[in-house]
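S.K.: Numbering-wise, this note's numbering comes out as the position in the sequence shown, counting from 1, plus 294. Every residue gets a Cβ at the ideal spot worked out from N, C-alpha and C, and that includes glycine.
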Amino acid sequence: MKSTAKWGALSKYFTYLFVVFSILSIGLILSATPGLAGDEVPTPVAESATPEADEPASEEKQSPEESPTPEGPDSPISINAWTPGTFAIYVLDVEQADSQLIVSPSGKTLLIDVGETNWNGSANAAYVHNRIQSIMGAGFSHLDYLVLTHLHADHLGYVEFDATGHSTIGYGGIYDIVETYGYTIGKMVDRDSGVWVDTNGDGVCHEQFDEIVWHNVGDISGTGNHWVCYATDTRPTGFNPNNTKLNRETAIVGSTSQIDLGGGVVVTIVMADADGVMMADGVTPVSGDHHTEAHPPSENDYSIVLKITYGLLDYVTAGDLDGEYATSSYGYVYNDEETVAGPRIGDIEVVHANHHGSGHSNHQPYIDYLLPAVSLISLGANDYSHPNQDSLNRLLAASTVYLTNYGDPDPPVAYGAAIIVNGDITILSSNGVNYTVNGTPYVATNPSTPTPTATATATATSTATPTRTPTRTSTATATVYFSPTFTVTRTFTPSSTPTKTASPTITKTPTKTATRTPTSTATSGATRTYTPTRTRTPTRTPTRTPTTAAPNYLLISEVFYDTPGDDTLEEWIEIYNPTGSAISLTGYKIGDEETSGGVEGMYQFPAGASIAAGQKIVVALKSTGFFALYGVKPNYEITNTDATVPNMTRYSAWGTGLIALSNTGDEVLLLNSANTVVDAVVYEGGSYGGITPHPGVAIGHSIERSPANRDTNNCSTDFVDRITPTPKS
């Protein structure tokens, strides 16, 4: 037995050397081939199209903190055939591309993306076809729904035309699924990039890209151009005659009925075409036609975001959605869609990581909004630094991470506890509570958002103690290169059991009744200069009445919400004690969530905190950012960046998200230990019952209460425009 094991180990070793040699050989070939450096599958580029490549490999390379040999459990698993009554998610192993199949308990199907690893390849379409046959049965040929997240070849494949532009030549992807394998499509949901209008009537859409009327687009490529020609040609004798092949519809943001899988499954279109996202200037929408601009947005920015809910089990997939403001070496820009998408999504169970685990995505605020129990990454061998070490670390800190394959070996990635599947990732659930990921059991704990049927009034105090996942021990056989096979035992234990207490009597729309707390707090490196305007809940009346005398309660005295640089570093809130006595802050909270149970932020002061008579204190998002502006430290910080500054703690019973003050309008609330609203400040587009908002100030200005003890519930008169913010004074 020992000699057999040794031979097996040597065999794996030589196999690995062969694979490495092959990859290096291919790399030498690719490096000598024009146009093959990038973050997306390269495609031939038409005259008017910019390169589709997302980033050159050299620009994306980042050195991780550690660079050990890739390690982690290695547990290949064959795909499970679907059985009636089962909700199933299949993340298909298409290497450095993407394709997912969703099957509802009633048997309705949703195929998300069919990407290829090479622009002129078709191997992934063949793989997806074979897997669909394995899952749904031989001869299965009808997909109820097909979704294309965005127009890159690693998500849709490629479509070419002959010299006359009259007939298509398929290169895998969605084209092969429809044309080669003959699948019929009940409805295809596509992003609203644009349409082909055959203005000269010659039926040619090969190089006539001036005939495409663009609706929402940034950088364009041959892939996107040809797709629009193929998908929107609805002539009776065209590529997609009378729209009968694809039955294409553009995504309707917020819809829960455009994709109807039945069987208790709800599919919400959270975002498409950068809905609600502004560019770095905080003014210009990312949506719209930007393809003629010097620095257009990345195609990734327009990805469709889907939230798929079955019972308590929520799954989110968002294509290559970006989470930062940055400029590519090709001249186009990334924009921060994750900051907008996160609050819309809320607390979930499973997330399909954005952009193959890229460093442009999966930033801390997004993860903190979602609080996933499980994260999945679709990827394969690549030279784009996927997965990015920082992104992977953030996902590992919050969840159990499964990868379809190892990614870019240069620089080496420390995979840690990540589970490398070397195959498809399969999620199965029969009741919407218990689910398995490749056979490992989990329990869904976040309640789905209820649909209110009447206005509810909360009058009693109730306590709920939701349990995240029961303590369990799983054993997985792990294979590590250059090492014998060994067994790793991992124990999953809930980090905390939150207790939820109902707030005082209010009239509100019910939302989630339970929350989760992430296992760790990480510092975000994301840059944000725009915060979305969030959906407001019905107005309620504050518990206070206007007063002209010196108040006997704490006041929010200054708010810095539209900072000159990175809002996530520099925002802060000042609190003033106008009374003649010190006030204990134990149990006090401050945040921008105006309704108990909402998805914005509410944070609690540490036990023993207090504020002296006449004193002003500052709560900053990050001490490092505050110190860089003023040369002094705040009294408290939200994110732990300075060990000498006390940390606020998330009060999830009121708000499950982060404090992120919208530049276009928000509310700031101060609650006491009984969750009574002590003070509230509203500005610009914010709304809170009985309080008049301040009209707002320019970038770099703050709003400051003047005089400091004035409180008439009219922020337009109680607060002044402070050109130079004055924290603590």
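Does the Cβ of GLU543 lie closer than 6 Å to at least one heavy atom of the ligand FMN?
M.R.: Among the components of this structure there are no ligands whatsoever, and the ligand FMN is therefore not found.
S.K.: Does the separation of the CB atoms of TYR663 and GLY636 fall below 7 Å?
M.R.: On the sequence shown, residue 663 is found 369 positions in, with the first residue counted as 1. On the sequence shown, residue 636 is found 342 positions in, with the first residue counted as 1. Cβ distance < 7 Å, so TYR663 and GLY636 count as in contact.
S.K.: Tell me, please, which residues DSSP counts as bridged to TYR604.
M.R.: Numbered from 1 along the sequence shown, position 310 holds the residue referred to as residue 604. Partner(s): VAL559 and LEU607.
S.K.: Locate the alpha helix (DSSP H) running through ARG638, then write down its first and last residues.
M.R.: Within the sequence shown, numbered from 1, the residue matching residue 638 stands at position 344. Looking at the DSSP string, the run of the alpha helix (DSSP H) that includes ARG638 is 632-639.
S.K.: Taking the CB atoms as reference points, tell me whether LEU673 and GLY701 lie closer together than 7 Å.
M.R.: As a first step, residue 673 is located in the sequence shown; it is residue number 379 there, counting from the start. As a first step, residue 701 is located in the sequence shown; it is residue number 407 there, counting from the start. Against a cut-off of 7 Å, the Cβ pair of GLY701 and LEU673 comes out as a contact.
S.K.: Determine the burial state of ASN648: buried for a count of at least 16 other Cβ atoms within 10 Å of its Cβ, exposed for fewer.
M.R.: Locating residue 648 in the sequence shown gives position 354, where the first residue counts as 1. So ASN648 counts as buried.
S.K.: Could you name the residues of the same chain whose beta carbon sits closer than 7 Å to that of PRO858, not counting the 5 residues immediately before and after it, in chain order?
M.R.: Position 564 of the sequence shown, counting from 1, holds the residue named residue 858. If we look at PRO858 and ignore the five residues flanking it on each side, its Cβ neighbours are ILE993 and GLY994.
S.K.: Since TRP866 is in the beta strand (DSSP E), which residue starts that stretch and which ends it?
M.R.: Counting from one through the sequence shown, the residue named residue 866 turns up at place 572. Where TRP866 is concerned, the enclosing beta strand (DSSP E) stretches over 866-870.
S.K.: For ASN541, which option in HIS585, GLY558 and MET482 has the closest C-alpha, if you only look at C-alpha atoms?
M.R.: By one-based count along the sequence shown, residue 541 stands at place 247. Closest option to ASN541, Cα to Cα, is MET482.
S.K.: In the DSSP assignment, the beta strand (DSSP E) including PRO735 goes from what residue to what residue?
M.R.: For the purposes of this step, residue 735 is identified with residue 441 of the sequence shown, where counting begins at 1. It spans 734-737 - the beta strand (DSSP E) in which PRO735 sits, taken as one unbroken run.
S.K.: Once you ignore the five residues that flank THR526 on each side, which residues in its own chain have a CB closer than 6 Å to its CB?
M.R.: Your numbering for residue 526 matches position 232 in the sequence shown. Answer for THR526: VAL489 and TRP490, listed in chain order.
S.K.: At which residues does the beta strand (DSSP E) containing HIS646 begin and terminate?
M.R.: If you number the sequence shown from 1, residue 646 lands on position 352. Looking at the DSSP string, the run of the beta strand (DSSP E) that includes HIS646 is 644-646.
S.K.: Thinking C-alpha only, which one of ASP614, SER622, VAL975 and LYS601 is nearest ASN656?
M.R.: Locating residue 656 in the sequence shown gives position 362, where the first residue counts as 1. The candidate whose alpha carbon is nearest that of ASN656 is ASP614.
S.K.: Buried or exposed, going by whether 16 or more other CB atoms sit within 10 Å of the CB of HIS436?
M.R.: By 1-based counting over the sequence shown, the position of residue 436 is 142. By the neighbour-count rule (16 or more Cβ atoms within 10 Å), HIS436 is not buried but exposed.
S.K.: For SER956, which option in ASP856, SER875 and ASP1015 has the closest C-alpha, if you only look at C-alpha atoms?
M.R.: As a working note, residue 956 is residue 662 in the sequence shown. Closest option to SER956, Cα to Cα, is ASP856.
S.K.: What is the DSSP secondary structure of VAL472, counted as helix, strand or coil?
M.R.: Within the sequence shown, residue 472 is the residue found at index 178, counting from 1. Reduced to three states, the DSSP call for VAL472 is helix.
S.K.: Could you round the C-beta distance between LEU445 and TRP376 to whole angstroms and report it? I think they count as a contact, below 8 Å.
M.R.: As a working mapping, residue 445 is identified with position 151 in the sequence shown. As a working mapping, residue 376 is identified with position 82 in the sequence shown. Their Cβ separation, rounded to whole angstroms, is 29 Å, which puts LEU445 and TRP376 out of contact at 8 Å.
S.K.: Classify THR633: buried if its beta carbon has 16 or more other beta carbons within 10 angstroms, exposed otherwise.
M.R.: Your numbering for residue 633 matches position 339 in the sequence shown. So THR633 ends up on the buried side.
S.K.: Taking all protein chains shown into account, decide if PRO530 is buried (16 or more other Cβ within 10 angstroms of its Cβ) or exposed.
M.R.: The residue you call residue 530 lines up with position 236 of the sequence shown. Counting Cβ neighbours within 10 Å, PRO530 comes out exposed, since fewer than 16 surround it.
S.K.: Would you mind stating whether ILE914 and GLU931 have Cβ atoms separated by less than 7 Å?
M.R.: As a working note, residue 914 is residue 620 in the sequence shown. As a working note, residue 931 is residue 637 in the sequence shown. The question names Ile, yet the displayed sequence has Ala at residue 914. Yes; because the gap between Cβ atoms is below 7 Å, this pair is in contact.
S.K.: To the nearest angstrom, report how far apart MET573 and PRO579 are at their CA atoms.
M.R.: Against the sequence shown, residue 573 aligns to sequence position 279. Against the sequence shown, residue 579 aligns to sequence position 285. MET573 and PRO579: Cα-Cα distance of roughly 6 Å.
S.K.: Which class does VAL1025 belong to by DSSP, given the choice of helix, strand or coil?
M.R.: In the structure displayed, the chain extends from 295 to 1023; residue 1025 sits before or after that span and is not available.
S.K.: By how many angstroms is the C-alpha of VAL971 removed from the C-alpha of GLY885?
M.R.: Residue mapping note: residue 885 aligns to position 591 of the sequence shown, counting from 1. Residue mapping note: residue 971 aligns to position 677 of the sequence shown, counting from 1. When rounded, the distance between both Cα atoms is 11 Å.
S.K.: So the candidates are VAL939, GLY516, ALA382 and HIS509; which of them puts its Cα closest to the Cα of GLY401?
M.R.: Stepping through the sequence shown from its first residue, residue 401 is reached at position 107. The option with the nearest alpha carbon to GLY401 is ALA382.
S.K.: Look up LYS916 in the DSSP assignment and give the residues it is bridged to.
M.R.: The residue labelled residue 916 in the question sits at position 622 within the sequence shown. Its beta-bridge partners are THR933.
S.K.: By how many angstroms is the C-alpha of GLY984 removed from the C-alpha of ASP973?
M.R.: Taking the sequence shown and counting its residues from 1, the one referred to as residue 973 is at position 679. Taking the sequence shown and counting its residues from 1, the one referred to as residue 984 is at position 690. So the two alpha carbons sit approximately 12 Å from each other.
S.K.: Compute the Euclidean distance between the alpha carbons of ASP569 and GLY892, then round it to the nearest angstrom.
M.R.: Working through the sequence shown from its first residue, we reach residue 569 at position 275. Working through the sequence shown from its first residue, we reach residue 892 at position 598. About 21 Å.
S.K.: Report back the beta-carbon spacing between GLY710 and SER679 to the nearest angstrom; my notes put them in contact at under 8 Å.
M.R.: As a working note, residue 710 is residue 416 in the sequence shown. As a working note, residue 679 is residue 385 in the sequence shown. That belief does not hold up - the Cβ atoms of GLY710 and SER679 are roughly 17 Å apart, past 8 Å.
S.K.: Exposed or buried, which one is ASP368 when buried takes at least 16 other CB atoms within 10 Å?
M.R.: Position 74 of the sequence shown, counted from the start, is the residue given in the question as residue 368. Caution applies to ASP368, whose pLDDT of 42 falls short of 50 and renders its modelled position unreliable; the value that the coordinates give is listed next. Looking at its Cβ environment, which holds 16 or more other Cβ atoms inside 10 Å, ASP368 is buried.
S.K.: How close, in whole Å, do the beta carbons of HIS988 and SER1010 come, if the pair is a contact with beta carbons under 8 Å?
M.R.: Position 694 of the sequence shown, counted from the start, is the residue given in the question as residue 988. Position 716 of the sequence shown, counted from the start, is the residue given in the question as residue 1010. Right, the Cβ-Cβ distance comes to about 5 Å (below 8 Å), so this counts as a contact.
S.K.: Closest to VAL388 by CA distance: which of VAL853, ASN594 and VAL408 is it?
M.R.: Within the sequence shown, numbered from 1, the residue matching residue 388 stands at position 94. Ranking VAL853, ASN594 and VAL408 by Cα distance to VAL388 puts VAL408 first.
S.K.: Can you grab the Cα-Cα spacing for the pair SER325 / ALA675, in whole Å?
M.R.: In the sequence shown, the residue the question calls residue 325 occupies position 31. In the sequence shown, the residue the question calls residue 675 occupies position 381. Annotation note: pLDDT 37 at SER325 (below 50); position unreliable, coordinate value reported separately. The straight-line gap from Cα to Cα measures roughly 15 Å.
S.K.: Hey, GLY723 and LEU607: beta-carbon distance below 7 Å or not?
M.R.: Position 429 of the sequence shown, counted from the start, is the residue given in the question as residue 723. Position 313 of the sequence shown, counted from the start, is the residue given in the question as residue 607. This sequence places Ser at residue 723; Gly is not what is there. Yes.
S.K.: Take ALA712 and list the residues in its own chain whose beta-carbon comes closer than 7 Å to its own, dropping the five residues that flank it on each side.
M.R.: Within the sequence shown, the letter at position 418 stands for residue 712. GLY366, LEU686, LEU690, VAL695 and LEU697, listed in sequence order.
S.K.: Within 8 Å, do at least three Cβ pairs link the segment 532-546 to the segment 471-486?
M.R.: The segment 471-486, when compared against the segment 532-546, does touch it at the 8 Å Cβ threshold.
S.K.: Just the Cα atoms here: how many angstroms apart are SER428 and GLN394?
M.R.: Within the sequence shown, residue 428 is the residue found at index 134, counting from 1. Within the sequence shown, residue 394 is the residue found at index 100, counting from 1. The straight-line gap from Cα to Cα measures roughly 14 Å.
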